[in-house]
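Asks: Residue numbers (the numbering used here), protein chains in the order written: chain Y, 18 to 239; chain B, 9 to 267. Can you read through this structure? Questions will come right after.
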Amino acid sequence: MNIWDWFYVQEALPYLYRGAVVTVQATLLGFAIALVLGLVFAIIRHAGGPLVSRAMAETVEFIRSTPLLLQVFFVYFVGPQFGIVIPAWIAGIGVLGIHYAAYCSEVYRAGIEAVDEGQWEASTALNLSPLRTWRVIILPQAIPPVVPGLGNYFIGMFKDTPILAAIAILEMLQRAKNFGAENYRYIEAITMAGIFYLVFSLVASAIVQAVGYWLNRRYHLT
Amino acid sequence: MSDAPMVRFENVTKRYGSLTVLDELNLDIAANEKVSIIGPSGSGKTTVLRMLMTLERINEGVIWVDGEPLTHEQRNGRMAPAGDRHLRRVRGKIGMVFQHFNLFPHMTALANCMEAPVSVLGLSKQEAEARAAELLDMVGLADKKGHYPIQLSGGQKQRVAIARALAMRPKVMLFDEVTSALDPELVGEVLNVIRKLGAEHNLTMLMVTHQMGFAREFSDRVCFFYGGRIAEQGPPDKLFNDPENERTRQFLSAVLEAG
Numbered sequence: 018m019n020i021w022d023w024f025y026v027q028e029a030l031p032y033l034y035r036g037a038v039v040t041v042q043a044t045l046l047g048f049a050i051a052l053v054l055g056l057v058f059a060i061i062r063h064a065g066g067p068l069v070s071r072a073m074a075e076t077v078e079f080i081r082s083t084p085l086l087l088q089v090f091f092v093y094f095v096g097p098q099f100g101i102v103i104p105a106w107i108a109g110i111g112v113l114g115i116h117y118a119a120y121c122s123e124v125y126r127a128g129i130e131a132v133d134e135g136q137w138e139a140s141t142a143l144n145l146s147p148l149r150t151w152r153v154i155i156l157p158q159a160i161p162p163v164v165p166g167l168g169n170y171f172i173g174m175f176k177d178t179p180i181l182a183a184i185a186i187l188e189m190l191q192r193a194k195n196f197g198a199e200n201y202r203y204i205e206a207i208t209m210a211g212i213f214y215l216v217f218s219l220v221a222s223a224i225v226q227a228v229g230y231w232l233n234r235r236y237h238l239t
Numbered sequence: 009m010s011d012a013p014m015v016r017f018e019n020v021t022k023r024y025g026s027l028t029v030l031d032e033l034n035l036d037i038a039a040n041e042k043v044s045i046i047g048p049s050g051s052g053k054t055t056v057l058r059m060l061m062t063l064e065r066i067n068e069g070v071i072w073v074d075g076e077p078l079t080h081e082q083r084n085g086r087m088a089p090a091g092d093r094h095l096r097r098v099r100g101k102i103g104m105v106f107q108h109f110n111l112f113p114h115m116t117a118l119a120n121c122m123e124a125p126v127s128v129l130g131l132s133k134q135e136a137e138a139r140a141a142e143l144l145d146m147v148g149l150a151d152k153k154g155h156y157p158i159q160l161s162g163g164q165k166q167r168v169a170i171a172r173a174l175a176m177r178p179k180v181m182l183f184d185e186v187t188s189a190l191d192p193e194l195v196g197e198v199l200n201v202i203r204k205l206g207a208e209h210n211l212t213m214l215m216v217t218h219q220m221g222f223a224r225e226f227s228d229r230v231c232f233f234y235g236g237r238i239a240e241q242g243p244p245d246k247l248f249n250d251p252e253n254e255r256t257r258q259f260l261s262a263v264l265e266a267g
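Structure follows, in structure tokens:
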């Protein structure tokens, strides 16, 4: 018996491929939620009154201080006891998105706080509306510098997607494990999954770098 | 020049915690008047401008602009602290130029001057661009329209900032130590623009400055602030040549000695 058998590689490939699609979809959808919701969190934290801002900070802290797996379990297994039944796919991606939104909001916040106070004052002096000030003055300066930080969480979320297996979503790593169990051959499937994670992470990190570079140039911040 | 002042500070007090920065300030500024505010640091002079621009809330008193209260509004027949809508409307009469320019770094000089006229005044792009181009021309930067702030010198940035404020057609212009962050050789070009403004436009101008020569030559009136109060005020010739207050004398001799 060989250590590495190409036969199993061939067998596992289509099976793993379907899992890879699930993994990528979960990552993209989850991160889209995290990006948008994280920004909303950060803006509420900055623009809300003392009470609202405090409540937002506590919420973010709460989400960051409990394990992702626990949050997934809570929504998927505890929810139904109170009549809240959410399909696994929506629960999984939703929790991933909200969990990482908490982390992203801190990254956004760092970017927002780094914008010079004078930019707010000039916006007031020119009578710009709060919405216009955020959209046209503050965020274009706050976001490009923190793209690398957001990108780290993008890759972090990608590597956390195997947690979805805990609520019976057949993502890639789970499929690799199942394949191994069915064929009594783990090495090929698990290795292939590993290579896929590695390649995706490297490509994603290159894309993040390019986006950061492009945004900084677009807004003349370098 | 009408009788009602363009700007009126009425018993205005500003405190930071237990520190009183301005103590029952009373100051009237007539339409088209040019007033310079001088004084040692910590005397509250910049706070005067910042309160007028609504960057700082006042603790007591009322500020009036062009005959109506800025800090308060009539609500149910009573004077109540101004809400956002009221503030936005009255604030539109005031423009401000800052010590550190505060240009928007991600916009060209032209876009800096167009942003507020388009989004606040509702001008079309063409109208706003024509207005911005004309003002940049007036401050001598017609050839820098497409430049970003990072590509401009300090003096050029400050001239763009002046054009940007003027594009909103304010009645009152505030200048907060606008030459303090500049290299000495760039001060003149900014002061020249302010001189030109004073001569060619109907603007009420209020400036905090350390340029004693300029304050003397340009202002109708100079106010010397000390410890949160106006210690002395009067026409520049009187205040600089024959100050009555001992504090004024000490301050002037210290400043003029330093060059």
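Where a beta carbon is used, it is the ideal one built from N, C-alpha and C, also for glycine.
Check whether the stretch 127–138 of chain B and the stretch 234–243 of chain B are in contact - that is, three or more C-beta pairs closer than 8 Å.
Replies: no
Asks: Grab me the residues of G109 of chain Y's own chain with a C-beta within less than 7 Å of its C-beta, minus the 5 sequence neighbours each way, in chain order.
Replies: A43, V89, L181, I184 and I186
Asks: Report the residue from B:L182, B:M122 and B:A119 whose alpha carbon sits nearest the alpha carbon of M14 of chain B.
Replies: B:L182
Asks: Helix or strand or just coil, what does DSSP make of V43 of chain B?
Replies: strand
Asks: Just the chain Y side, please: which residues come within less than 9 Å of P77 of chain B by C-beta, in chain order?
Replies: Correct list: empty, because the minimum Cβ distance to chain Y is about 18 Å.
Asks: Using a Cβ-Cβ cutoff of less than 6 Å, which residues in the same chain neighbour F48 of chain Y once the five nearest sequence positions on both sides are dropped?
Replies: F171 and M174
Asks: Please tell me whether K22 of chain B has its Cβ less than 8 Å away from any Cβ of chain Y.
Replies: no
Asks: Count the C-beta pairs between the stretch 118–129 of chain B and the stretch 131–147 of chain Y that are closer than 8 Å, then say yes if the count reaches three, no if not.
Replies: By the Cβ rule, the stretch 118–129 of chain B counts as touching the stretch 131–147 of chain Y, because three or more pairs are nearer than 8 Å.
Asks: Listed in chain order, which residues of the stretch 128–158 of chain Y have Cβ atoms closer than 8 Å to some Cβ of chain B?
Replies: D133, G135, Q136, E138, A139, T141, A142, L143, N144, L145, S146, R149, V153, I154, P157 and Q158
Asks: Name, in chain order, the residues that DSSP records as bridge partners for K22 of chain B.
Replies: Partner residues in the beta bridge of K22 of chain B, as assigned by DSSP, are B:L30.
Asks: In chain C, which residues lie with their C-beta within 7 Å of the C-beta of Y236 of chain Y?
Replies: Here the protein chains are Y and B, and chain C is not one of them.
Asks: List, in chain order, every chain Y residue whose beta-carbon is nearer than 8 Å to that of T55 of chain B.
Replies: What T55 of chain B touches in chain Y: nothing, since even the nearest Cβ is about 13 Å away.
Asks: Can you check whether the C-beta of L63 of chain B is within less than 8 Å of a C-beta belonging to chain Y?
Replies: Interface residue (Cβ-Cβ distance to chain Y less than 8 Å): L63 of chain B is classified as such.
Asks: Name, please, each residue of chain Y whose Cβ falls closer than 9 Å to the Cβ of V128 of chain B.
Replies: L143, N144, L145, S146 and R149
Asks: On the three-state DSSP scale, how would you describe W21 of chain Y?
Replies: coil
Asks: Evaluate contact between the stretch 188–198 of chain Y and the stretch 23–39 of chain Y, counting only Cβ atoms and requiring at least three cross-stretch pairs below 8 Å.
Replies: yes
Asks: Would a check of beta-carbon distances place F106 of chain B closer than 8 Å to chain Y?
Replies: By this cut-off, F106 of chain B is an interface position.
Asks: Return the CA-CA distance between V43 of chain B and N233 of chain Y, expressed in angstroms with no decimal places.
Replies: 42 Å
Asks: Where does G128 of chain Y land, buried or exposed, given buried means 16+ other C-beta within 10 angstroms?
Replies: buried
Asks: Can you find a CB in chain Y that lies within less than 8 Å of the CB of G103 of chain B?
Replies: yes
Asks: For I158 of chain B, would you say it is in contact with chain Y, using Cβ-to-Cβ distances shorter than 8 Å as the test?
Replies: yes
Asks: Can you tell me whether P113 of chain B is helix, strand or coil according to DSSP?
Replies: Judged by DSSP in its simplified three-state form, P113 of chain B adopts coil rather than helix or strand.
Asks: Let me make sure I understand the geometry here. Which of B:F259, B:E81 and B:S227 has the alpha-carbon closest to that of L211 of chain B?
Replies: B:S227
Asks: Check the C-beta distance from L174 of chain B over to L143 of chain B and give it rounded, since I have them as a contact under 8 Å.
Replies: Sure, about 5 Å apart at Cβ, within 8 Å.
Asks: Excluding the 5 residues preceding and the 5 following T28 of chain B in the sequence, name in chain order all residues of the same chain whose CB lies nearer than 8 Å to its CB.
Replies: T21, K22 and G236
Asks: With S122 of chain Y and F213 of chain Y assumed to form a contact (beta carbons below 8 Å), what rounded beta-carbon distance in angstroms separates them?
Replies: The beta-carbon distance between S122 of chain Y and F213 of chain Y, rounded to whole angstroms, is 30 Å. This is too long to meet the 8 Å contact definition.
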